[in-house]
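Colleague:
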Amino acid sequence: MKITEMHLDDFGIYHGVSWNPPEHGLIVMHGRNESGKTTLMKYVRSMFFGYLRGDWKGYFGSMGIRREDGKEYRIVRNEKEYFLSDGSQKVQDEPADLWWHGLDRQTYDKIFAMGLEDLQGFKILSNEAVRSHFFSIEGGVSMGMARSEVTKHMGDLLVASPQGKKPINSLLNEQKDFDRRINGMAYDEDEFASLQETEQTTHEIENRIRLDIEESKQQIERISMPIAAWDVYKRGQDALQHMQALADVSQFPADGAQKWAELEQNIKAIDDQVRKLKATSRKGPAFQESWNRWLACGPQLDEMYHHVGEWKQGLAELSDHEDKEMDWEFEGTKQADLLKTWTDGKDIPTAVNWTQGISAAAALDHSRQDLEKWKADKPKNVSSQDGEDGAAEKTKDEWEVIGTAVATIQNVVMERQKIQEQLEWLKTEPASSSKAFTFVGVAFLVLAALCVAAVYMGHFDSTVGLGGAAACVVIAVISLVRQSTGADRIPRKIAEIEGRLASVNGKIGDLAKEAEITLSTDESNERWLQELDAVRKQYLDWQTRETKNAWQKEQKVMYDAIYEKWQADGNTCKKQLLACESAWDGWRQKSSFSKLDTTDVAKAKEAWDTWHDVTTAASDWKRRKMELKGAISRWSDTAEQIFREVGVKQTVSPDAVEAIYKQWQDIRVQAEVAKEQDRQQKERESQIVSLGEERQQRIQQQQELLKATGAQSEGEFRSKVLRFRQFHQYKEVYDQTEAHIRLIAKTPKNLSELRHELKIHTLKTWTDERDYYQKKIADAEKKLAEVAEKRGSIIERLSQMAKTDEYGKLLQAKQNRKAELDRAVDDWLTNMYTQYMLEQAQEYYERVRQPVVIRQAGEYLNLMTQGRYTLQASLDGKQLFAVDGSQRRVPEKQWSSGLGDQIYLAIRISLAMAFSKQIEPMPLILDDILVRFDEQRQKEAIQFLASLGKKEQIFLFTCSDATLKLAEEVQKQLAGETDTIHLFEIEKGTIKEFANRL
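In terms of this note's numbering, the sequence shown is residues 109 to 1106.
As structure tokens, then:
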């Protein structure tokens, strides 16, 4: 079984964590303390076996598993809720009950989950739960479960403690209590004492009779052993007689029959192979002699075929250039005539530095243009030379004083206009005759009188009424006072405004002097505003004249500077023009283009380039033409020679060469196939000879086998084989009967006595003796009934003699409880005997099975220690020895701690693997088991676990960085193999794949 999915929805430190662990390999889970390793191991156990009692609250999770048969299941445990699902249906049965034969959590922890403290090695085999599950072979797991049930039933009946509360303990205490109470009620009469003595005697007689019965049962048990073994013994003796009759074939080779069958099969297989080889053989060689000429010319044909493309291209190129030659000659003559007009009839130069010429011509043109531009850019004097005469101008400060006065006068004039408008409005308004305040005052007085009257008449509260009357009186008084004071308001206001107007006029007169305005203050406001505008216009005219004069002065200075610069630029342009003309003349003399003007440079270059290209192309084509004709001539001669050698009569051409090459390809393939067929034919012939020799060897081996077994013929040999098989069948029956007899005898001493009894007696002797003891038991049981009847009459008499019936009741109750005690003791003794029988059977199975575990553990130890050690157990299986390379046996007391841990780990894993074969392979959980190993032993253990993990699912939990580093190194060494080592990191409730640092 493998864990395929882990879902820790809410499990301790894990919340909403899902992980799909690898199904094979060593899974190294590294994490610091308190990172969640223990919680994850608890999760695995809880999913398999359920939560511990009272430890389920707050745990939610599920697990996916895949069993050996490939079926997948999901285990879901959400607190108390549990179910097991296969995808189609849900069940409530536990996995341990369904699949693992009742395996519990404790046994699982002792086998499949181990920590450092669990490396107890050989002592784990003494654990009762482990033994009951492991060493039960023929009885299955039921033997161990039965023994556990017997032990439990015995514990339910009796415990070895005076304070025990089990049934037998309670019944024994009751008997003591009954005896104490009965003794307290004793009589002095002689008869009563005699009856008591007689009653006590009946108990003694009953005990003696029961002892006789028990002794007889033991004798019957002793007799039942040879009776039970008789049929087995007779079957074994019959088998022994048959073995003695077949003793002549006892030394027959065990694998003789198998060897004979294998030889016959080999001979038959050889004959079949020879027939098949002869059927596929052919007569005569497949290779034709005429192909040799083609093979001899093959390399020349291949080489010739490689030049066919060049040949065709050369012919096409010669054809294409016939017209081009005439075009090149015409174009060259045309361009040469044009160029000679610039060279003054001299030869056209073959190399010209046109870049320098174009640059010189461009520079000359540019210099000429710059000179023309300089002439056109002569500056003009735009400043006026005539001065303006006139009256003396005011200064800027004087105009500032005038401007301030003008602005103030404008504000005062506007203020005067508002005052005049107010005065005109007041003068035109009629005298006030309003009586409104008088009416209001009278109305409130009347209202006050009504409030007072209402109070006295009792309609209103006195406080409200008198308060309202007082308020009305106050308002009436205020209204009457306001009416008396508003009658002369307008005349006072007119006088006030006329005073303000006079003050404003005086202020205007003062400001007019500052602004040099001669206008009278009596003039209208519109006239004053016009005069102010005239003053402003004078200021603007003055400002314009000042700006113009300043600009003319600046322009004069600028013109002088520009003209000086223009003169300097002109001198520079003239010098540059002279330099460019010199460079241009120098280039024309050097290039022989003495008649070339700067405007014709581009045209001359284009003509020269065309002339140079066509003359160069014509010259190159002449060389190329000679090369092509030479190559075509050589290829034609070679092809003509090849055609003669292979016997082909055909005109030489590229197409003909291609056709011959295709024919050669077909012949080459046919020749290779024919050679391979001839080679295979030789191999078949050689194989037929080899098979014939091998057949003779097999026949010779058959003859040697007949000689070794003393058989003269094949029939006699088969007869001996049949008798040998019969001998082994009888021997197997005999061995089984001997094992059965040893099981019945239980001990070596009983075994020797049983063999002796079986040899000297017959079955009738033991059956007669059994019948005798059975009759003796029946007689003893009759006597018991008589004694019980007698005791009953005595007890009845004693009850009658008692002063009250309490004594009788106590005796009767004691007797009833005594009978119940006897039954419980019988049950306990039966269980004890059953337990003893099961212990003996289990000891036998241990002796048979234990060496298998130790042998497997020795193989594991040999792998883990790189062949340095293996294991051996003593004959009684109680001691272990480590055997080194020199076969020296090292006892357990001399083991080092590291070697001891390696041995114990090998035993635990061997035990787990043996358990897996009995129930089902389950994941191994290892918790920091390598911390006491040194580095080399850790590395060897990790390599061993990785090898074992190819088939098993192994979880190794560790907090050691050293162990993690070693696991990384081993993982790197095993790189390329699958299902070896997987590294994961656990950190604060998360599981993630470990980033490899190597």
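Note that the Cβ used here is the ideal one computed from N, Cα and C, for glycine as well. Note that the structure is predicted; figures quoted are calculated from it, not measured.
Less than 8 Å between the C-beta atoms of SER699 and GLY465, yes or no?
Modeller: Here the question's residue 699 lines up with position 591 in the sequence shown. Here the question's residue 465 lines up with position 357 in the sequence shown. Yes, these two residues count as a Cβ contact at 8 Å.
Colleague: Buried or exposed: where does GLY573 fall if 16 or more other Cβ atoms within 10 Å of its Cβ makes it buried?
Modeller: Taking the sequence shown and counting its residues from 1, one reaches residue 573 at position 465. So GLY573 counts as buried.
Colleague: Taking Cβ positions, are TRP419 and TRP743 nearer each other than 8 Å?
Modeller: Counting from 1 along the sequence shown, the entry for residue 419 is found at position 311. Counting from 1 along the sequence shown, the entry for residue 743 is found at position 635. A contact, by the Cβ cut-off of 8 Å.
Colleague: With distances taken between CB atoms, is the gap from PHE191 to ILE1033 smaller than 8 Å?
Modeller: If you number the sequence shown from 1, residue 191 lands on position 83. If you number the sequence shown from 1, residue 1033 lands on position 925. No, they are not a contact pair.
Colleague: Name the DSSP bridge partner or partners of GLU189?
Modeller: Here residue 189 is taken as the residue at index 81 of the sequence shown, counted from 1. Paired residue(s): ASN186.
Colleague: Quick check on this structure: which residue in ARG600, ASN633 and SER860 has the alpha carbon closest to the alpha carbon of VAL612?
Modeller: Translated into positions along the sequence shown, residue 612 becomes position 504. Selected option, being the one with the closest Cα: ASN633.
Colleague: Taking the alpha-carbon positions, what's the ARG696 to LYS713 distance?
Modeller: Here residue 696 refers to the residue found at position 588 when the sequence shown is read from its first residue. Here residue 713 refers to the residue found at position 605 when the sequence shown is read from its first residue. About 13 Å.
Colleague: Report, in whole angstroms, the separation of the C-beta atoms of VAL416 and VAL765, which I expect to be a contact under 8 Å.
Modeller: Sequence index remark: in the sequence shown, residue 416 carries index 308 (1-based). Sequence index remark: in the sequence shown, residue 765 carries index 657 (1-based). Between VAL765 and VAL416 the Cβ distance is about 5 Å, and since that is below 8 Å, they are a contact.
Colleague: According to the neighbour-count rule (16 or more other Cβ atoms, all chains shown, within 10 Å of its Cβ), is ILE1015 buried or exposed?
Modeller: Counted from its first residue, the sequence shown places residue 1015 at position 907. That one is buried.
Colleague: Can you tell me where the alpha helix (DSSP H) holding LEU479 begins and where it ends?
Modeller: Locating residue 479 in the sequence shown gives position 371, where the first residue counts as 1. Per DSSP, LEU479 belongs to the alpha helix (DSSP H) from 462 to 484.
Colleague: Going by CA-CA distance only, name the one from LYS857, GLY738, THR978 and SER1055 that's closest to LEU423.
Modeller: Within the sequence shown, the letter at position 315 stands for residue 423. When only C-alpha atoms are compared, the closest one is GLY738.
Colleague: Please give me, in chain order, every unbroken run of the alpha helix (DSSP H) with length at least 4 that falls completely inside the region 158 to 222.
Modeller: Those alpha helix (DSSP H) runs which fall completely within the region 158 to 222 and span 4+ residues are 203 to 206 and 213 to 219.
Colleague: Throw me the rounded Cβ distance for the ARG185 and TYR159 pair, which I believe falls under 8 Å.
Modeller: Numbered from its first residue, the sequence shown carries residue 185 at position 77. Numbered from its first residue, the sequence shown carries residue 159 at position 51. Sure, about 7 Å apart at Cβ, within 8 Å.
Colleague: Keeping to the same chain, check which residues put their C-beta closer than 7 Å to that of ALA254; ignore five residues upstream and five downstream.
Modeller: Along the sequence shown, read from residue 1 onward, the residue named residue 254 stands at position 146. Closer than 7 Å at the Cβ level, and outside the excluded window around ALA254, lie LEU946.
Colleague: How far does the alpha helix (DSSP H) with MET114 in it extend, from its first residue to its last?
Modeller: Residue numbering aside, residue 114 sits at position 6 when the sequence shown is read from its first letter. Here MET114 belongs to no alpha helix (DSSP H); instead the beta strand (DSSP E) covers 110 to 119.
Colleague: Enumerate in chain order the residues of its own chain whose CB-to-CB distance from ARG175 is below 6 Å, with the five nearest sequence positions on each side excluded.
Modeller: Counting from 1 along the sequence shown, the entry for residue 175 is found at position 67. The residues are MET109.
Colleague: Would you decide whether PRO407 is buried or exposed? Buried here means 16 or more other CB atoms lie within 10 Å of its CB.
Modeller: Reading the sequence shown from its first residue, position 299 is the one you call residue 407. Counting Cβ neighbours within 10 Å, PRO407 comes out exposed, since fewer than 16 surround it.
Colleague: Nearest by alpha-carbon distance to ALA578: which of CYS559, ASP473 and MET565 is it?
Modeller: Here residue 578 refers to the residue found at position 470 when the sequence shown is read from its first residue. Nearest option by C-alpha distance: CYS559.
Colleague: State yes or no: is the C-beta of ILE135 within less than 8 Å of the C-beta of LEU1064?
Modeller: As a working mapping, residue 135 is identified with position 27 in the sequence shown. As a working mapping, residue 1064 is identified with position 956 in the sequence shown. Taking 8 Å as the Cβ cut-off, ILE135 and LEU1064 qualify as a contacting pair.
Colleague: Please return the same chain residues whose Cβ sits closer than 7 Å to the Cβ of GLN809, not counting the five positions on each side in sequence.
Modeller: If you number the sequence shown from 1, residue 809 lands on position 701. Closer than 7 Å at the Cβ level, and outside the excluded window around GLN809, lie LEU371.
Colleague: GLN987 by DSSP, collapsed to three states: which one?
Modeller: Within the sequence shown, numbered from 1, the residue matching residue 987 stands at position 879. Three-state result, GLN987: coil.
Colleague: I need the DSSP call for LYS488, collapsed to helix, strand or coil.
Modeller: Stepping through the sequence shown from its first residue, residue 488 is reached at position 380. Coil at LYS488, not helix or strand.
Colleague: Per DSSP, what are the beta-bridge partners of ALA981 in this structure?
Modeller: Translated into positions along the sequence shown, residue 981 becomes position 873. According to DSSP, ALA981 bridges with LEU988.
Colleague: Please classify ASP344 as buried or exposed, where buried requires at least 16 neighbouring CB atoms within 10 angstroms.
Modeller: Your numbering for residue 344 matches position 236 in the sequence shown. Rather than Asp, the amino acid found at residue 344 in this sequence is Gly. Buried, since its Cβ has 16 or more Cβ neighbours within 10 Å.
Colleague: Taking buried to mean at least 16 other C-beta atoms within 10 Å of its own C-beta, is ILE1094 buried or exposed?
Modeller: Taking the sequence shown and counting its residues from 1, one reaches residue 1094 at position 986. So ILE1094 ends up on the buried side.
Colleague: Spatial neighbours of PRO275 within its chain, please: CB distance less than 6 Å, with the 5 preceding and 5 following residues excluded, ordered by chain position.
Modeller: One-based indexing of the sequence shown puts residue 275 at position 167. If we look at PRO275 and ignore the five residues flanking it on each side, its Cβ neighbours are LEU265 and ALA932.
Colleague: Tell me the rounded alpha-carbon separation between VAL249 and ARG153.
Modeller: For the purposes of this step, residue 249 is taken as the residue at position 141 of the sequence shown. For the purposes of this step, residue 153 is taken as the residue at position 45 of the sequence shown. Note that VAL249 scores a pLDDT of 49, beneath 50, so its modelled location is shaky; the value from the coordinates is reported in the next line. Approximately 21 Å, taken between the alpha carbons.
Colleague: For GLN1035, which of helix, strand or coil comes out of DSSP?
Modeller: Locating residue 1035 in the sequence shown gives position 927, where the first residue counts as 1. The residue you asked about is not Gln; residue 1035 is Asp in the sequence shown. Strand at ASP1035.
Colleague: Over the uninterrupted beta strand (DSSP E) stretch that includes ILE1099, give me the two end residues.
Modeller: Taking the first residue of the sequence shown as 1, we reach residue 1099 at position 991. Taken as a continuous stretch (DSSP letters only), the beta strand (DSSP E) holding ILE1099 covers 1098 to 1101.
Colleague: Quick one, which of ALA623, ARG653 and GLU523 has its alpha-carbon nearest LEU609's?
Modeller: Locating residue 609 in the sequence shown gives position 501, counting from the first residue. Comparing Cα-Cα distances from LEU609 to each of ALA623, ARG653 and GLU523, the minimum goes to GLU523.
Colleague: Please classify LEU403 as buried or exposed, where buried requires at least 16 other C-beta atoms within 10 Å of its C-beta.
Modeller: The count along the sequence shown starts at 1 and reaches residue 403 at position 295. Per the 10 Å Cβ criterion, exposed.
Colleague: Please report how far the alpha carbon of TRP164 lies from the alpha carbon of LYS198, in whole angstroms.
Modeller: One-based indexing of the sequence shown puts residue 164 at position 56. One-based indexing of the sequence shown puts residue 198 at position 90. Straight-line Cα distance between these residues: approximately 21 Å.
Colleague: Assign VAL756 to one of three DSSP states: helix, strand, or coil.
Modeller: For the purposes of this step, residue 756 is taken as residue 648 along the sequence shown, with counting starting at 1. Three-state DSSP puts VAL756 in coil, outside helix and strand.
Colleague: Look up PHE1065 in the DSSP assignment and say whether it is helix, strand or coil.
Modeller: The residue labelled residue 1065 in the question sits at position 957 within the sequence shown. The answer is strand: DSSP assigns PHE1065 an E or B state.
Colleague: Once DSSP output is grouped into helix, strand and coil, what is the label at PHE1041?
Modeller: Translated into positions along the sequence shown, residue 1041 becomes position 933. PHE1041 falls in the coil class under three-state DSSP.
Colleague: If contact is defined by three or more beta carbon pairs under 8 Å, each pair taking one atom from either stretch, is the region 447 to 463 in contact with the region 725 to 739?
Modeller: Output reads no: the region 447 to 463 does not touch the region 725 to 739.
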